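Count along the sequence shown from 1, add 16, and you get the number used in this note's numbering.
Every residue gets a Cβ at the ideal spot worked out from N, C-alpha and C, and that includes glycine.
None of the values given here were measured: they were computed from a predicted structure.
Accompanying notes for the structure given below.
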Amino acid sequence: MPGETSGGQITVQNWYSGRSHQIEQIAFADGSTMSAAQATVLGNVIRATEGNDTLIGRVDTTFIDGLGGNDTITGSVTGNATLRGGAGDDLINYGHRSNNNVEGGDGKDVLAFAGQPSSISIGYVNILDGGKGDDKPVGGVGSEIYRFSRGDGRDVILDDDAFDGGFGVVDKIAFGTGVAQSDLTFSRSRDDLVIALNGVPGETTVDQITVQNWFGGRSYQIEQLYFDDGTMLQAFDVKIIGTST
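Put into structure tokens, the structure is as follows:
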């Protein structure tokens, strides 16, 4: 209420342990009601504050939003969820036996998997989008889709399919609106592949992706690169233009 410094709350113990612990209906002063099923879904959403938060999801958590601040977010190993860091430098740990949509947001974010992956991770797809800022997405637990758009900064990807045994998984980089194959320049820096987006007139910064250990073995390579116009480039078709230091 306006002027109050804190709100009231009711805790229903063991709600998520079973239906016998749930309240069947919640009634409001305006005559509206909410069912136990509706309340259960709303309870599966975790929203942080604008400060630095540590958020841990359950197996039934479907959405975690870090909002502002430098947050640490850990999703369930097996629960499918959207994990959003929001503004700030965030660490987001996603489950390796689930399908997740991981969004870093603005800031320097690390997107990594939680737990010990294995061949059980095969068949799951994680979408990793670092957002704006210099981010570090880490894959290798099933198939990953790394999203990257103009203005996203300088991201460093580590994708090692050996984490899950490399059983025929297909990883992808999906470039955003307006990025075509002709906009990319590929170069080698030691064992890393550097993918630079050609600059737009008037821009002073260069967006790029560094794929760590690309030349160290096939397990580190991203199998496919997808573009806004619907075309696709295979890893073995990548042509190195030059060599960095």
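Could you say which of the options lies nearest to residue i if we only look at CA atoms?
{"i": "residue 121", "options": "114, 77, 115 and 103", "result": "103"}
{"i": "residue 201", "options": "223, 26, 187 and 186", "result": "223"}
{"i": "residue 90", "options": "105, 27 and 127", "result": "127"}
{"i": "residue 68", "options": "107, 47, 25 and 40", "result": "107"}
{"i": "residue 117", "options": "109, 58 and 74", "result": "109"}
{"i": "residue 58", "options": "32, 139 and 82", "result": "32"}
{"i": "residue 130", "options": "73, 48 and 47", "result": "73"}
{"i": "residue 105", "options": "83, 196, 93 and 112", "result": "83"}
{"i": "residue 37", "options": "43, 25 and 53", "result": "53"}
{"i": "residue 63", "options": "45, 93 and 101", "result": "101"}
{"i": "residue 143", "options": "35, 186 and 85", "result": "186"}
{"i": "residue 149", "options": "30, 170, 195 and 29", "result": "170"}
{"i": "residue 39", "options": "47, 25, 123 and 56", "result": "56"}
{"i": "residue 140", "options": "114, 147 and 124", "result": "114"}
{"i": "residue 167", "options": "87, 123 and 111", "result": "123"}
{"i": "residue 125", "options": "66, 86, 112 and 111", "result": "86"}
{"i": "residue 233", "options": "254, 196 and 176", "result": "176"}
Return the first residue and the last residue of the beta strand (DSSP E) that residue i is part of.
{"i": "residue 128", "result": "126-130"}
{"i": "residue 201", "result": "200-205"}
{"i": "residue 154", "result": "152-155"}
{"i": "residue 195", "result": "Neither: residue 195 is in no beta strand (DSSP E) and is coded neither H nor E."}
{"i": "residue 240", "result": "240-242"}
{"i": "residue 176", "result": "It is not in any beta strand (DSSP E) - residue 176 carries neither H nor E in the DSSP assignment."}
{"i": "residue 90", "result": "88-90"}
{"i": "residue 142", "result": "141-145"}
{"i": "residue 109", "result": "107-111"}
{"i": "residue 70", "result": "70-72"}
{"i": "residue 122", "result": "Premise fails: residue 122 is in no beta strand (DSSP E) and is neither H nor E."}
Using C-beta distances below 6 Å, list every residue in its chain close to residue i, excluding the 5 sequence neighbours before and after it, in chain order.
{"i": "residue 231", "result": "207"}
{"i": "residue 60", "result": "76, 77 and 78"}
{"i": "residue 178", "result": "235"}
{"i": "residue 214", "result": "199"}
{"i": "residue 163", "result": "145 and 190"}
{"i": "residue 248", "result": "240 and 242"}
{"i": "residue 237", "result": "230 and 251"}
{"i": "residue 49", "result": "41 and 43"}
{"i": "residue 70", "result": "88"}
What did DSSP end up calling residue i once you bin it into helix, strand or coil?
{"i": "residue 335", "result": "Nothing can be reported for residue 335: it is not among the residues displayed for the chain, which extend from 17 to 261."}
{"i": "residue 164", "result": "strand"}
{"i": "residue 83", "result": "coil"}
{"i": "residue 38", "result": "coil"}
{"i": "residue 100", "result": "strand"}
{"i": "residue 190", "result": "strand"}
{"i": "residue 223", "result": "coil"}
{"i": "residue 261", "result": "With a pLDDT of only 48 at residue 261, under the threshold of 50, the placement of this residue in the model should not be trusted; the figure read from the coordinates follows. In the structure shown, residue 261 sits in coil (DSSP, three-state: anything other than H, G, I, E or B)."}
{"i": "residue 234", "result": "helix"}
{"i": "residue 48", "result": "coil"}
{"i": "residue 159", "result": "strand"}
With a threshold of 7 Å on Cβ separation, who are the neighbours of residue i within its own chain once the five nearest residues in sequence on each side are excluded?
{"i": "residue 172", "result": "152, 226 and 228"}
{"i": "residue 51", "result": "41"}
{"i": "residue 256", "result": "202, 203 and 204"}
{"i": "residue 30", "result": "37"}
{"i": "residue 154", "result": "127, 128, 129 and 174"}
Grab the span of the alpha helix (DSSP H) containing residue i for me, first residue to last.
{"i": "residue 118", "result": "First-last for residue 118: 116-119, but that is the beta strand (DSSP E), not the alpha helix (DSSP H)."}
{"i": "residue 251", "result": "It is not in any alpha helix (DSSP H) - residue 251 carries neither H nor E in the DSSP assignment."}
{"i": "residue 55", "result": "52-59"}
Quick one: does residue i have its CB under 7 Å from some CB of chain B?
{"i": "residue 196", "result": "In the displayed structure, chain B is absent; only one protein chain is listed."}
Just to confirm my understanding: we take residue i, look at its own chain, exclude 5 residues before and 5 after, and list those with CB closer than 8 Å. What are they?
{"i": "residue 196", "result": "243, 244, 245 and 247"}
| query | Are the region 192-211 and the region 153-160 in contact at 8 Å, needing three or more beta carbon pairs? | reply | Using a C-beta cut-off of 8 Å, the region 192-211 makes no contact with the region 153-160, since fewer than three inter-stretch Cβ pairs fall below that distance.
| Is the region 74-81 touching the region 92-106, taking contact as three or more C-beta pairs under 8 Å? | yes
| query | Should the region 235-245 be called in touch with the region 188-196, which here means at least 3 C-beta pairs below 8 Å? | reply | The region 235-245, when compared against the region 188-196, does touch it at the 8 Å Cβ threshold.
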